[in-house]
Structure formats: C-alpha cells, structure tokens
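Single-structure report; data block below.
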Amino acid sequence: MEVLHQQLLESVVVQESKLKSLQEQSEQIGKNLLLIGEPDTSAAFDFHNQLAAAQLLLQIESGDASFRIGWLREYMAKNY
Numbered sequence: 006m007e008v009l010h011q012q013l014l015e016s017v018v019v020q021e022s023k024l025k026s027l028q029e030q031s032e033q034i035g036k037n038l039l040l041i042g043e044p045d046t047s048a049a050f051d052f053h054n055q056l057a058a059a060q061l062l063l064q065i066e067s068g069d070a071s072f073r074i075g076w077l078r079e080y081m082a083k084n085y
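For the sequence shown, the working numbering begins at 6 and goes up steadily by one.
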C-alpha cells in the first residue's frame with residue numbers, strides 16, 4: 006500500500022511539472038502571436054494559424070494535466 010501511495014505522489018509531481026511546462030510553452034506562443042500582430046501576407050497568416058493551433062493544443066493538454074492532478078489528489082485524500 007505504501008508503494009502505491011509513493012507512486013501516486015510521484016505521479017502528482019510529474020503531472021505538476023508537465024502542467025508548468027505546458028503553461029510556459031503556451032505563454033511563449035501567446036507572446037509570439039502578439040509579436041506577429043495582424044498577418045498581412047499568406048505566409049504570415051499560415052504561421053499565425055500554426056501558432057494558434059499549437060496554443061490550442063497546449064491549452065487542451067494543460068486542462069488534461071490539471072484534471073489528472075485534481076483526480077490524483079482527490080483519490081489520495083479519500084484513500085490515504
């Protein structure tokens with residue numbers, strides 16, 4: 006039982022680290038989107054769309070990581 010508890014604690018730490026990294030990456034993409042501004046060429050528009058899509062995917066992954074952290078903490082609170 007103690008081994009499982011330790012594994013759960015380690016999972017929370019890993020998920021928190023992943024979440025922080027995803028948030029930092031999303032922040033950086035947001036800054037890049039601001040630097041691009043309003044695209045005026047097709048290449049700039051394509052790049053803008055690629056950044057926006059990457060940011061959206063990072064936000065989805067961040068939400069997933071947040072959910073996992075919450076679920077793991079709730080499980081540990083109820084069972085340990």
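Cβ atoms here follow ideal geometry from the backbone N, Cα and C, with glycine treated the same way.
**Asked** How is the alpha helix (DSSP H) around tyrosine 80 delimited, first residue to last?
**Response** By one-based count along the sequence shown, residue 80 stands at place 75. DSSP places tyrosine 80 in the uninterrupted alpha helix (DSSP H) bounded by 47-84.
**Request:** To the nearest angstrom, report how far apart serine 67 and lysine 25 are at their CA atoms.
**Result:** Taking the sequence shown and counting its residues from 1, one reaches residue 67 at position 62. Taking the sequence shown and counting its residues from 1, one reaches residue 25 at position 20. Rounded to the nearest angstrom, the gap between the Cα atoms of serine 67 and lysine 25 is 8 angstroms.
**Prompt:** For alanine 70, is the classification buried or exposed, using 16 other Cβ atoms within 10 angstroms of its Cβ as the cut-off for buried?
**Reply:** What you label residue 70 is simply residue 65 of the sequence shown in a count that begins at 1. It is buried - the Cβ of alanine 70 has at least 16 other Cβ atoms within 10 Å.
**Request:** Just confirm the distance between the C-beta atoms of leucine 13 and leucine 77, as a whole number of angstroms; I'd bet it's less than 8 angstroms.
**Result:** Stepping through the sequence shown from its first residue, residue 13 is reached at position 8. Stepping through the sequence shown from its first residue, residue 77 is reached at position 72. That pair is a contact at about 6 angstroms.
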